[in-house]
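Residue numbers (the working numbering), protein chains in the order written: chain Y, 634 to 946; chain V, 18 to 265.
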């Protein structure tokens, strides 16, 4: 039988997490099909059809799925679940929202946020904020899995999957979308950016995040934050990197004014290179940073901005 | 309206966990245990709703060893009215927890279940969603704020791109995110009062649920360690090093 991946998208473009989840799905066992559920999302299905290794796209294009509301996604996924041995979704806030409903209805346990596929039924996943790694084996029967996308490489382009329309399932009518307030940013998305610069409580105010923004603009980096900075209201919740926020694994993670609580480290310690600027030389962040600079960020950041300008960034 | 608040006993937030040498799990001996922080937020939200007169009774439920009664006492001291302890040893997977909670909801008929979005031990983030599906209810996960009426809940949710607000018909399940509220500390008089509040003791079998784990944990290991690198003396040196490493 086959493996189904649920696509992550915004009705216009396919999120990178999908191609990364396809990599995990291919390791679980092919053929791999991708379900694109959305509203006016044909372009997303076309993009998903180009992922190498994907055989078929199921396109459920209906207003009901515009926001991928969990209660509506559940019967849609269940309508095709019989045909699959395994159903995988990226562990985004969307995947985390709908997939456990599917597992519950199928009476199978969900395996959350896998980091590695050891064999088609055995997986590694983080527990205790990534302070321990659990190797877990699924029982016989259907496997329901969310995938930590940053732990997998993106599947290559070059596929040419067929696109098949999938009829909408009945609307359970439990809930409806009301509104959303999305952060607008010209910068790359936090979880797929090559460089992430995060600020912590040391920034002291939302206004001071402009010091980070300037450098982020020069390096085409995404801007993140520690929980302390979000709780203090300096930046919105979607900036949060950590155990309960976003997990990032960029080429470079620059932590500024972040002490390095274990919950924050859980969200960034798989970054390739970690650099930290903090005025406290005993800050725990320095224990995992490849390059540490003990300095006052209010001097270091403007200096870095000038230095980068000088070097042509 | 009645509110059910499931709470889990977990290793305290501030404890650095240690993996056992035989790779069988994490060392729980002599480690401080507390209520899962997200569940504390859930209890606080329920108590605030009661203080506003929107909720008549709060039932705290915990599924776990006998000591989970302490976790229920904490909820009672914060303002919950009574407790249900479902005694079960060992690892209880979210699927089994959701089945037990469903049976309790069938009996108690709450209009709202509020619980943490995830427990900080297994980091599964499943129970609330599974429970909602089993009950045939709507859900508002990762709640940032709540407006409750007699028939519906307007819940702003913390999502990857920002905030999304959904309107969910009651009865419903809500799971809490960090910014929903700041939980109170129980006062000494309330801790004393909580000792007199009733806790009913049950077992999974009472609810006809087989709580045996369905997944097999083969081993638990330490994550790959990162070691500290070098300290640089200046911004300029930092940029040189990052350039050398190909990071910028």
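Idealized CB from N, CA, C, for every residue including glycine.
### Task
State the CB to CB distance for the pair residue 678 (chain Y) and residue 690 (chain Y), rounded to an integer number of angstroms; the pair is presumed to be in contact (CB under 8 Å).
Walking along the first chain from the start, residue 678 (chain Y) turns up at place 45. Walking along the first chain from the start, residue 690 (chain Y) turns up at place 57. Rounded, the Cβ-Cβ distance is 5 Å, consistent with contact.
### Query
In chain Y, which residues lie with their C-beta within 9 Å of the C-beta of residue 238 (chain V)?
Taking the second chain and counting its residues from 1, one reaches residue 238 (chain V) at position 221. 757, 765, 766, 767 and 768, listed in chain order.
### Query
For residue 693 (chain Y), which three-state DSSP category applies?
Along the first chain, read from residue 1 onward, the residue named residue 693 (chain Y) stands at position 60. It is a strand residue.
#### Entry: Complete runs of the beta strand (DSSP E) confined to the segment 50–113 of chain V [at least 3 residues]
50–52, 74–81 and 99–104
### Message
Given this structure, state the Cα-to-Cα distance separating residue 791 (chain Y) from residue 799 (chain Y), to the nearest angstrom.
### Response
Walking along the first chain from the start, residue 791 (chain Y) turns up at place 158. Walking along the first chain from the start, residue 799 (chain Y) turns up at place 166. If you take the alpha carbons of residue 791 (chain Y) and residue 799 (chain Y), they lie about 24 Å apart.
### Anticipated Cβ contact below 8 Å, residue 921 (chain Y) with residue 907 (chain Y), distance rounded
Along the first chain, one-based indexing puts residue 921 (chain Y) at 288. Along the first chain, one-based indexing puts residue 907 (chain Y) at 274. Confirmed, Cβ separation roughly 6 Å.
### Query
Would you call the segment 126–138 of chain V and the segment 20–28 of chain V touching, i.e. three or more CB-CB distances under 8 Å?
yes
### Query
For residue 233 (chain V), which of helix, strand or coil comes out of DSSP?
In the second chain, the residue the question calls residue 233 (chain V) occupies position 216. Strand.
### Query
In terms of alpha-carbon separation, which member of Y:815, Y:778, Y:846 and Y:761 lies closest to residue 875 (chain Y)?
Taking the first residue of the first chain as 1, we reach residue 875 (chain Y) at position 242. Answer by Cα proximity: Y:761.
### Message
Contact criterion: CB-CB distance below 9 Å. Does residue 179 (chain V) meet it with respect to chain Y?
### Response
As a first step, residue 179 (chain V) is located in the second chain; it is residue number 162 there, counting from the start. Cβ-Cβ to chain Y under 9 Å: yes for residue 179 (chain V).
### Query
Are at least three pairs of beta-carbons, each pair with one atom in the segment 711–723 of chain Y and one in the segment 776–786 of chain Y, less than 8 Å apart?
yes
### Query
Near residue 944 (chain Y), which residues of its chain fall below 6 Å by C-beta distance, leaving aside the five closest residues on each side in sequence?
Taking the first chain and counting its residues from 1, the one referred to as residue 944 (chain Y) is at position 311. The answer is none, since no qualifying residue turns up.
### Query
How many Å lie between residue 733 (chain Y) and residue 251 (chain V) at the Cα?
On the first chain, position 100 is the one that residue 733 (chain Y) refers to. On the second chain, position 234 is the one that residue 251 (chain V) refers to. Rounded to the nearest angstrom, the two C-alpha atoms are 49 Å apart.
### Cβ-based contacts, 9 Å cut-off: residues of the segment 132–159 of chain V near chain Y
134, 135, 137, 138, 139, 140, 141, 142, 143, 144, 145, 146, 147, 148, 149, 150, 151, 153, 154, 155, 156, 157, 158 and 159
### Contained beta strand (DSSP E) runs [length at least 3] in the segment 865–926 of chain Y, N- to C-terminal order
885–889 and 906–911
### Task
Give the residues of chain Y in contact with residue 203 (chain V), contact being defined as C-beta atoms less than 9 Å apart.
Locating residue 203 (chain V) in the second chain gives position 186, where the first residue counts as 1. Those do not exist, as residue 203 (chain V) stays about 22 Å from chain Y at its closest Cβ, beyond 9 Å.
### Query
DSSP beta-bridge partners for residue 717 (chain Y)?
Translated into the one-based positions of the first chain, residue 717 (chain Y) becomes position 84. Bridge partners of residue 717 (chain Y): Y:635.
### Query
Are the C-beta of residue 864 (chain Y) and some C-beta of chain V separated by less than 9 Å?
Along the first chain, one-based indexing puts residue 864 (chain Y) at 231. By this cut-off, residue 864 (chain Y) is an interface position.
### Task
Throw me the rounded Cβ distance for the residue 804 (chain Y) and residue 697 (chain Y) pair, which I believe falls under 8 Å.
The residue labelled residue 804 (chain Y) in the question sits at position 171 within the first chain. The residue labelled residue 697 (chain Y) in the question sits at position 64 within the first chain. That pair is a contact at about 5 Å.
### Task
Indicate the three-state DSSP secondary structure (helix, strand or coil) for residue 42 (chain V) in the structure shown.
Along the second chain, one-based indexing puts residue 42 (chain V) at 25. Coil.
### Query
Just to confirm, does residue 721 (chain Y) get its C-beta within under 8 Å of one of the non-hydrogen atoms of the ligand FMN?
The ligand content of the structure shown is nil, which means the ligand FMN is not present either.
### Query
Where does residue 767 (chain Y) sit, in a helix, a strand or coil, going by DSSP?
Here residue 767 (chain Y) corresponds to residue number 134 of the first chain, with the count starting at 1. Strand, per DSSP.
### Query
Using a C-beta to C-beta distance shorter than 7 Å, which residues of chain Y count as neighbours of residue 243 (chain V)?
What you label residue 243 (chain V) is simply residue 226 of the second chain in a count that begins at 1. Here the neighbours are 902 and 921.
### Proximal chain V residues relative to residue 810 (chain Y), where beta-carbon distance stays under 7 Å
Along the first chain, one-based indexing puts residue 810 (chain Y) at 177. Per Cβ cutoff of 7 Å: 183.
### Query
At a CB-CB cut-off below 9 Å, which residues of chain V make contact with residue 729 (chain Y)?
Position 96 of the first chain, counting from 1, holds the residue named residue 729 (chain Y). Correct list: 134, 135, 142, 143, 146, 158 and 159.
### Query
Got a sec? Which residues, its chain only, sit under 6 Å from residue 712 (chain Y) by beta carbon, not counting five neighbours each side?
Stepping through the first chain from its first residue, residue 712 (chain Y) is reached at position 79. The answer, listed in chain order, is 802.
#### Entry: Residues of the segment 103–114 of chain V whose Cβ lies closer than 9 Å to any Cβ of chain Y, in chain order
110, 111, 112 and 113
### Message
For residue 131 (chain V) and residue 189 (chain V), what's the separation of their Cα atoms in angstroms?
### Response
Counting from one through the second chain, the residue named residue 131 (chain V) turns up at place 114. Counting from one through the second chain, the residue named residue 189 (chain V) turns up at place 172. Whole-angstrom Cα-Cα distance: 9 Å.
### Task
Report yes or no: do three or more beta-carbon pairs, one from the segment 101–120 of chain V and one from the segment 75–92 of chain V, lie closer than 8 Å?
yes
### Nearest residue (CA-CA) to residue 725 (chain Y), options Y:651, Y:840 and Y:884
In the first chain, counting from the first residue as 1, residue 725 (chain Y) sits at position 92. With distances taken between Cα atoms, residue 725 (chain Y) lies closest to Y:651.
### Task
Just mark residue 634 (chain Y) as buried or exposed, buried being the case when its beta carbon has 16 or more other beta carbons within 10 Å.
Walking along the first chain from the start, residue 634 (chain Y) turns up at place 1. Exposed, by the Cβ-count rule.
### Task
Starting from residue 151 (chain V), trace the alpha helix (DSSP H) both ways and give me its first and last residue.
Position 134 of the second chain, counted from the first residue, corresponds to residue 151 (chain V). Counting along the chain, the alpha helix (DSSP H) containing residue 151 (chain V) begins and ends at 144–152.
### Query
Does any C-beta atom of chain V lie closer than 9 Å to the C-beta of residue 906 (chain Y)?
What you label residue 906 (chain Y) is simply residue 273 of the first chain in a count that begins at 1. Yes - at least one Cβ of chain V is within 9 Å of the one on residue 906 (chain Y).
### Query
Which residues in the same chain have their Cβ closer than 6 Å to the Cβ of residue 116 (chain V), if we skip the five residues on either side of it in sequence?
The sequence position of residue 116 (chain V) within the second chain is 99, counting from 1. These residues qualify, in order along the chain: 226.
### Query
Going by beta carbon distance, what residues of the same chain come within less than 6 Å of residue 763 (chain Y), once the five residues before and after it are set aside?
Here residue 763 (chain Y) corresponds to residue number 130 of the first chain, with the count starting at 1. Contacts found: 899.
### Task
Could you name the residues that DSSP lists as bridge partners for residue 186 (chain V)?
Along the second chain, read from residue 1 onward, the residue named residue 186 (chain V) stands at position 169. Paired residues: V:169.
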